[in-house]
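First residue of the sequence shown? That's 381 in our numbering, and the numbers climb one at a time after it.
Comments concern the structure below.
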Amino acid sequence: MVTDKIKELEAARAKLASLEQTLAGELNKELAALPAKYGFQSTADFIKAVSAASGGGGGGSGNGRRGRRGRKPGAAAAAPAAAASSSGGKKRRSRAVITDETRAQVKKMVNDGKTGAEIAKAVGVSLPSVQNIKKALGLVKKR
381 MVTDKIKELE AARAKLASLE QTLAGELNKE LAALPAKYGF QSTADFIKAV
431 SAASGGGGGG SGNGRRGRRG RKPGAAAAAP AAAASSSGGK KRRSRAVITD
481 ETRAQVKKMV NDGKTGAEIA KAVGVSLPSV QNIKKALGLV KKR
């Protein structure tokens, strides 16, 4: 009885292995046909198009590390959502453009006795940017 069950199990394992080999062969054939199916001349062109469509850039060295340094390939798409959720749902500010007009406004407001935070809010730049402008203009006291 037990030996019959063992033989039946071995036969099932052999059949499973045969099915896995057949499936792997069919999958390889289908994958090899994809570039032509979608009108690409080569597999490399197809891979570039798929990478670009998924946000991974294009081409690359083929080592699986595309996108930003230190991140896994699939993490690039999830990064903006993770950044937004970790900062309380706020969007990051765009980088301020510091013009001569901005510098003149900061200088005038410093001379009027405004605080750095008030200046930053009025001019539309960050407090560290105001501090950098003040330093560049020589408006900060030396320690």
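Every residue gets a Cβ at the ideal spot worked out from N, C-alpha and C, and that includes glycine.
(Q) If you measure between the beta carbons of threonine 482 and valine 505, is that distance less than 8 Å? (A) yes
(Q) Considering only their Cβ atoms, is the gap separating valine 520 from valine 486 smaller than 8 Å? (A) no
Q) How about threonine 479: is its C-beta nearer than 8 Å to some C-beta of chain D? A) Of the protein chains in this structure there is only one, and it is not chain D.
Q) Could you give the distance in angstroms between the alpha-carbon of alanine 429 and the alpha-carbon of lysine 409? A) 20 Å
Q: Starting from methionine 381, trace the alpha helix (DSSP H) both ways and give me its first and last residue.
A: Run containing methionine 381: none; DSSP gives neither H nor E here.
Q: Grab the span of the alpha helix (DSSP H) containing alanine 497 for me, first residue to last.
A: 496 to 503
Q | Contact belief for leucine 507 with alanine 500 at Cβ below 8 Å, rounded distance in angstroms | A | 5 Å
Q | Length of the line joining the Cα atoms of leucine 403 and arginine 393 | A | 15 Å
Q | Coil, strand or helix - serine 431 by DSSP | A | helix
Q: Using the Cα positions of glycine 518 and asparagine 512, report the straight-line distance between them to the nearest angstrom.
A: 10 Å
Q: Write down the C-beta distance between phenylalanine 426 and leucine 414 rounded to the nearest angstrom, noting that I regard them as a contact closer than 8 Å.
A: 7 Å
Q. Can you name, in chain order, every residue of its own chain whose Cβ lies under 6 Å from the Cβ of threonine 423, other than the five neighbours on each side?
A. Pro415
Q | Boundaries (first-last residue) of the alpha helix (DSSP H) holding alanine 516 | A | 507 to 516
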